[in-house]
Amino acid sequence: MNAASALLQIEAARKSFGAVPAVDGVSLEIARGEFFALLGPSGCGKTTLMRMIAGFETLDGGRIVIDGVDVSAEPPHRRPVNMMFQSYALFPHMNVERNIAFGLHRQGMASGALAARVREMLRLVQMEAFAQRKPESLSGGQKARVALARALACRPKLLLLDEPLAALDRKLREETQFELRQVQADLGLSFLVVTHDQHEAMAMAQRMAVMRAGRIEQMGAPRTIYEAPETRWVADFIGETNLIEARVREVDAGAIMLDAAGGVHRVEAFAQAPAPGEAAAIAVRPERLIVSAAPGGPNEMQGVVHDSAFVGGVTQTRVRLSDGALLRVAQATGAAAPERGARVFVSYAPAAGRVLTR
Amino acid sequence: MRARGLPRGRRLALLAPFAWLIAFFAAPLAIVVKIALSRAATAQPPYEPTFDVQQGLAALLESASQLSLESFGVLFEDSIYLDSVLSSLRLAGLSTLLALLIAYPLALAIARAPQRWRPALVLLAIAPFWTSFLIRVYAWIAILKDEGLLNHALLALGVIGEPLRMFATEGAVVVGIVYSYLPFMVLPIFNAIDRQEPALVEAAMDLGATRAGAFWTVTFPLSRPGIVAGALLVFIPALGEFVIPDLLGGSDTLMIGRTLWNEFFANRDWPVASAAALALLALLLAPLIAFERAQMRREGAS
């Protein structure tokens, strides 16, 4: 992506609260029409970064450019972004219609155009029947819709969404996820969503940045990050992962040989080119591990079944290796579930592992 | 209220507040009503008829037939009562307005102060209550009188050439009322602002409102219940205030509380004083009931 097509550019943004750095040199770019997610555990600085974009926090360093204009020093009301707040922050003394019209009134929009825009927004979020209701009489999902309509009414260049689905129950959350995605695609706007929920981020975003302790740990398409994590931390944070401690023995053209779990493992993928003798972790997703009663698989490890649980489509089994490590295995339900205490062999294909040295 | 079907203990517990209201509100009120319907007399107590239960029912009925509305008529004949009420309304209204103008910024500043400062600031706002009300009003005499602190200070600074007449004026009464009742205005307004979600102001600014715009469109309208509560808490006691006009006001400062006192103790006309007190009560209840109604309508609408 070149700078001209980027809608939002953040360059080395920094912000500290007292001595604690909340955002520690973050740079990223969001393209026009892109759905981008900032993902990270609480306290990682993702909310602070979003508030810096909205103008609620000043920058200690770096700059924020929106559509070619440096807005680093602009107050919130002069930035071409709008925000959907986590609590929705609907004005309790105004009905749905007046909530949505709030920003348009501030712009001084003529009453005819204003009424038309409000109707359009009500239709967009399917809340026409609730125009005269006060926020307190709305359900959580309805409030979320009004908050979205209010934030979109002014046609911002970039919409910021702060944990937009956190207050909804699971079923509603999934529905709303797809609706948000639909609205974003229909309007062709850039969305930046902040969330701690990786499923939410992966389901909605085209690209995402995983944040940790004020820095971006990894950035890319959700699928890439899931399949090719660059650090142990990302591998562990995104989805479930087994990190098998290992030491690099040999680096070949096509594969890496490692000492791990009492044997020699052959792994084909790596994040950073490792050197012989270096300590590393082999990341293997639970669904890529194979449990078998008989030996003979690649990268084989011996262990004892610790426990096993049926969770719908998959059966999750934990296997205790002789060195004490616990491996999580997910198998499609159907195969006979291994019994507790049974001696088993766990293996994985060389292409299923990934060597991480950071 | 449905008391039926309640366990006996609960019924007794419900009875307690009723007993309290009857003993300390309804009964005294009935006595005042009765005195208001009597006639002044040079006797002990200074009105007649007096009800003597020992003389039997016939005597009681005979006494009751002597009751009249005469004292209420006096309230309309002598203009001093109406003047006192109007003057009280004016001074209490002015005081309430000034208290609001001072209390609102104060409450806003406390509510917007850092979290860890807020409890201390609230405590400071009500700190004056730890000293006797009377002493604090007396202190204002020392400040406002002709050779008082304020005049001395102004003379010393050369702002004025001769002492200003501040003590024993209506202005002094207003100052005294505003000062004394300010915390009653600050606390409900602070509460109404403090309860607002901070994200509301941010949402307003995010949607294009300036800081001032966000205040007038969001913070202020949402603090209205606090303003109404504070205004009632200041206006009602200020209307019947006796001590402040007596200590700080001049001989020409008319307030209904003072007029009542004169009626009771200088003129010893208890019936007229009682009638005036009842008229004042009715006057005060009207806005209160209107407020209650409005409140209930608002809650009913939601």
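Quick note, the sequences are listed as chains A and B, same order. Residue numbers for the first sequence follow my numbering, so the first one is 24 and each next one is one higher. Residue numbers for the second sequence follow my numbering, so the first one is 8 and each next one is one higher. Beta carbons: idealized from backbone N, C-alpha and C, even for Gly. All values reported here derive from a predicted model rather than from experimental measurement.
- For A/R366, DSSP records a beta bridge to A/V327.
- Between the C-alpha atoms of B/F191 and A/M117 there is a straight-line separation of about 28 Å.
- Exclusion of the five residues before and after A/R238 leaves D47, G48, V49 as the residues of its chain whose Cβ lies within less than 7 Å of its Cβ.
- Within the same chain, N118 come within 6 Å of A/K157 by CB-CB distance, once the 5 residues on both sides are set aside.
- For A/H288, the secondary structure class from DSSP, reduced to helix, strand or coil, is strand.
- For B/A132, the CB contacts under 6 Å within the same chain, skipping 5 residues up- and downstream, are P190, V193 in chain order.
- Straight-line spacing of the CA atoms in A/M242 and A/R230 works out to 7 Å.
- For A/T338, the enclosing beta strand (DSSP E) begins and ends at 337-344.
- Below 8 Å, enough C-beta pairs join the stretch 193-203 of chain B and the stretch 114-133 of chain B to call them touching: three or more.
- Around the beta carbon of B/W277, 16 or more other beta carbons lie within 10 angstroms, which makes this residue buried.
- Residue pairing by DSSP places A/E34 opposite A/R86 in a beta bridge.
- Residue pairing by DSSP places A/L281 opposite A/V271, A/H288 in a beta bridge.
- A/A283 and A/Q325 have their alpha carbons spaced roughly 12 Å apart.
- Take A/A174, set aside five residues on each side of it, and the residues of its chain with a beta-carbon closer than 7 Å to its own are N105, M106, M107, L182, in chain order.
- When CB distances to chain A are screened at a threshold of 9 Å, not a single residue of the stretch 109-143 of chain B falls below it.
- Under the 10 Å beta carbon count, A/Q200 is surrounded by 16 or more other beta carbons and is classified as buried.
- Per DSSP, the unbroken beta strand (DSSP E) holding A/V378 starts and ends at 377-379.
- Contact check for A/A112 against B/L207 passes: the beta carbons are separated by less than 8 Å.
- Inter-segment contact for the stretch 201-216 of chain A and the stretch 56-66 of chain A is present: three or more beta-carbon pairs are separated by less than 8 Å.
- Remark: three or more beta-carbon pairs, one from each stretch, lie closer than 8 Å, so the stretch 87-106 of chain B and the stretch 226-244 of chain B are flagged as touching.
- Closer than 7 Å at the C-beta level to chain B, one finds no residue of the stretch 138-150 of chain A.
- In the structure shown, the three-state DSSP call for A/P44 is strand.
- Contact between A/V233 and A/E240 is confirmed by a C-beta separation of about 5 Å, below the 8 Å threshold.
- Of all alpha-carbon atoms in A/G262, A/R255, A/K194, A/C67, the one lying nearest the alpha-carbon of A/M225 is that of A/G262.
- Of all residues in the stretch 87-110 of chain A, the ones placed with a Cβ closer than 9 Å to any Cβ belonging to chain B are P98, P99, H100, R101, R102, V104, N105, M106, F108, Q109, S110, in chain order.
- When Cβ-Cβ separations below 8 Å define contact, A/C67 makes no contact with chain B.
- Put simply, of A/T380, A/L350, A/A296 the residue whose alpha carbon is nearest the alpha carbon of A/Y371 is A/L350.
- As DSSP reads the structure, B/Y54 sits in a beta bridge with B/A47.
- In the three-state reduction of the DSSP assignment, A/A176 falls in the helix class, which pools H, G and I.
- For A/N122, DSSP assigns no beta-bridge partner whatsoever.
- By the Cβ criterion, the stretch 262-271 of chain A is not in contact with the stretch 78-98 of chain A, since fewer than three pairs of Cβ atoms, one from each stretch, lie closer than 8 Å.
- Considered as a whole, the stretch 191-267 of chain A harbours 213-218, 230-235, 238-243 as its complete beta strand (DSSP E) runs of no fewer than 3 residues, in chain order.
- The residues G163, in chain order, have a CB closer than 6 Å to that of A/A190 in the same chain once the five nearest residues on each side in sequence are set aside.
- Closer than 8 Å to the CB of B/V225 there is at least one CB belonging to chain A.
- Within the model, the alpha-carbon separation for B/A282 versus B/A43 is close to 5 Å.
- Minimum Cα-Cα distance from A/A316 among the listed residues A/G335, A/D275, A/G66, A/R363 corresponds to A/R363.
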